[in-house]
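Heads up: the structure comes next, in structure tokens.
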Amino acid sequence: MADKAQIIIEGKTYELPVIVGTENERAVDISKLRAETSYITLDNGFGNTGACTSAITFLDGELGILRYRGFPVEQIAEHCTFIETAYLLIYGELPTQTQLDDFSNSFTKQAGLHKDMLNFFDGYPKSGHPMGLLSAMVCSLSGYYPELLNPEPSQDEMKRTAAQLLSKVRTIAACTYRKSVGQTFVPPREDLKYIPNFLHMMFSSPNKDYKIDDTVVDALRVLLILHADHEQNCSTSTVRLVGSSWANMFASISAGVCALWGPLHGGANQEVIEMLEEIHKNGGNVQQYVDKAKDPNSNFRLMGFGHRVYKNFDPRAKIIKKCADDLLNKMGIHDPLLDIAMQLEAAALKDEYFIKRKLYPNVDFYSGIIYKAIGIPKEMFTVMFAIGRMPGWIAHWKEMKENPNSKICRPRQIYVGKTKRDFVPVTSR
Ligand code: ACO
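Residue numbers for the sequence shown follow this note's numbering, so the first one is 245 and each next one is one higher.
Okay, here's the thing in structure tokens:
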């Protein structure tokens with residue numbers, strides 16, 4: 245295997261180091277290219293650019309492999325709680341019982357929101373999108389914990405900030421939902437575990453507790469785990485980029501929430517359900533939508549289909565599809581949208597356009613069916629994704645902070661605008 249790459253520029257040969265990862269992934273290290281040649285590289289959408297080395301998540305898009313700290317995601321989804329998964333991603337190993345108890349207790353104590361923070365919800369329009377409110381509230385936590393804003397945080401400070409974020413993201417999510425349906429907030433309960441506590445804050449009323457159903461808890465556990473990390477995706481890269489300026493963890497993760505909101509990323513889960521509802525309303529003709537997605541004159545895409553990295557199948561989508569099917573069966577629900585989703589998948593997978601471009605259902609294709617069955621409205625779907633992704637964002641921010649070679653992220657560009665010209669007044673003053 246090559247340990248050096250050569251590049252010939254204007255007839256001169258330069259040698260560049262080759263970096264090899266633990267799974268034999270190879271990269272040409274171009275960090276000195278500009279200094280030595282005055283050239284930069286151009287990579288629209290960063291499809292070929294490694295922005296960092298990372299030991300958190302490995303994925304192989306061709307083989308459909310996803311591993312958290314070396315463990316196949318299928319095994320983690322089968323055996324772990326969401327909190328164990330969070331610990332694994334953030335600290336690199338599965339927790340011992342003592343570590344797990346300590347970690348869980350740190351959330352339980354942080355679940356409530358400062359009473360002044362609750363006033364923020366009243367100032368936000370009832371119909372405003374929950375992701376806008378989530379991002380604002382996550383960033384606003386910085387105002388309530390000024391002791392956690394050290395640009396060079398200690399391990400203890402990072403641990404405390406992580407506990408605040410992991411715990412409060414579900415309280416903020418539940419408050420956001422209740423605000424949108426005009427209900428008063430239900431405070432967290434110290435006797436409930438992470439997911440039941442979230443369901444309690446979402447669906448209990450002041451005089452009647454929501455009946456926690458283990459089937460629902462387990463479906464949510466699987467979903468949150470499958471969303472927990474996905475290496476250098478758009479929102480995680482955003483968290484790293486913002487954090488690289490030494491912005492605090494609250495601010496960096498708030499930016500990640502905004503990046504996640506976009507329909508090409510985490511916002512796709514809401515778009516999928518809206519698409520399925522539209523197909524259902526229009527008579528269920530899935531082929532019509534497959535044809536529309538292929539039409540070069542239309543901007544329409546099959547939402548929940550395609551992925552920058554997965555070119556064979558998304559292992560998360562496989563598990564989620566089965567989970568959706570099982571949950572609906574156990575709950576005795578027949579959702580016509582699940583039938584439409586399966587028909588749409590079958591139609592697309594045998595279509596030459598999708599086969600040629602290697603487009604498969606992604607993590608967002610079936611997740612909305614599960615959220616819907618649980619009673620979570622579609623505007624909240626991307627918020628659910630954010631709850632799941634929180635451990636990954638924290639793990640990457642922490643990894644970046646702990647890397648002594650981390651630098652501020654500052655890409656370059658190739659300027660294609662006007663060349664120098666002299667000022668000529670256009671308006672009179
Ligand atoms: N429906 C129809 N055509 C598609 C789709 C789709 N969902 N996705 C990609 N294509 C086509 C493109 O039009 C393009 O065709 P062309 O070669 O004829 O121009 C080709 O496939 C390659 O697509 P790109 O946009 O270049 O692929 P990229 O890697 O940049 O985009 C993305 C990946 C954004 C996920 C894309 O597949 C997409 O828009 N999917 C729908 C939105 C979605 O589900 N997003 C969630 C992704 S998972 C996540 O972020 C959590």
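Think of the CB as a built atom: it goes at the ideal place given N, C-alpha and C, for glycine as much as any other residue.
Small disclaimer: the values here were computed from a predicted structure and weren't measured.
Asked                                                                                                                                                                      : Found
Do GLY511 and SER479 count as a contact pair if the criterion is CB distance below 8 Å?                                                                                    : no
Give a yes or no on whether 8 Å exceeds the smallest Cβ distance from PRO440 to chain C.                                                                                   : The displayed structure is made up of one protein chain only, and chain C is not part of it.
So what does PHE494 bridge to, in DSSP terms?                                                                                                                              : Per DSSP, none; premise fails for PHE494.
In the structure shown, what three-state DSSP assignment does SER449 receive?                                                                                              : strand
Count the other CB atoms, across all protein chains shown, that sit within 10 Å of the CB of THR420; report buried if there are 16 or more and exposed otherwise.          : buried
Excluding the 5 residues preceding and the 5 following ASN513 in the sequence, name in chain order all residues of the same chain whose CB lies nearer than 7 Å to its CB. : ASP608, SER611, GLY612, PHE625, THR626 and PHE629
Determine the contact status of ALA537 and MET575, defining contact as a CB-CB distance below 8 Å.                                                                         : no
Confirm the yes/no value for this check: CB of ASN394, any heavy atom of the ligand ACO, distance under 7 Å.                                                               : no
Can you tell me whether VAL264 is helix, strand or coil according to DSSP?                                                                                                 : strand
Indicate, with yes or no, if the ligand ACO has a heavy atom lying under 7 Å from the CB of LEU303.                                                                        : no
Cutting at 8 Å between CB atoms, please list the residues of its own chain near LEU344, excluding the five before and the five after it.                                   : ILE327, GLU328 and TYR331
Does PRO559 come out as helix, strand or coil in the three-state DSSP assignment?                                                                                          : helix
Are the region 347 to 355 and the region 400 to 407 touching, with three or more C-beta to C-beta distances below 8 Å?                                                     : yes
Grouping DSSP H, G and I as helix and E and B as strand, with all else coil, what is LEU467?                                                                               : helix
Hey, out of ILE584, ALA495 and ASN541, whose CA is closest to PRO526's CA?                                                                                                 : Reading off the sequence, residue 526 comes out as Asn, not Pro. Ranking ILE584, ALA495 and ASN541 by Cα distance to ASN526 puts ILE584 first.
Can you tell me which of GLU280, ARG270, THR266 and GLU267 puts its alpha carbon nearest to the alpha carbon of ILE251?                                                    : GLU280
Thinking C-beta only, is THR415 closer than 8 Å to LEU231?                                                                                                                 : Nothing can be reported for residue 231: it is not among the residues displayed for the chain, which extend from 245 to 673.
Any chance the region 433 to 445 sits against the region 461 to 470, with 3 or more Cβ pairs inside 8 Å?                                                                   : yes
Does the distance from the C-beta atom of PHE494 to that of VAL413 stay below 8 Å?                                                                                         : no
Provide the residue span of the beta strand (DSSP E) that contains ILE253, from first to last.                                                                             : 248 to 253
Touch check for the region 545 to 556 and the region 304 to 316: three-plus C-beta pairs under 8 Å?                                                                        : yes
In whole angstroms, what is the alpha-carbon distance linking SER371 and ASN288?                                                                                           : 36 Å
Note down, in chain order, each residue of its chain lying with its Cβ closer than 7 Å to the Cβ of PRO432, except the 5 sequence neighbours on either side.               : ALA355, GLY356, THR415, ASN441 and MET445
With a Cβ-Cβ cutoff of 8 Å, do SER424 and GLU623 count as a contact?                                                                                                       : yes
Pull up the distance between the alpha-carbon of PRO605 and that of ILE631, whole angstroms please.                                                                        : 22 Å
Thinking ASP473 and THR297 are a contact (beta carbons under 8 Å), I'd like their distance in whole angstroms, please.                                                     : Not confirmed; about 15 Å, so no contact.
Kindly indicate which residue of LYS256, ILE263, PHE290 and GLY291 has the alpha-carbon position closest to the one of SER282.                                             : LYS256
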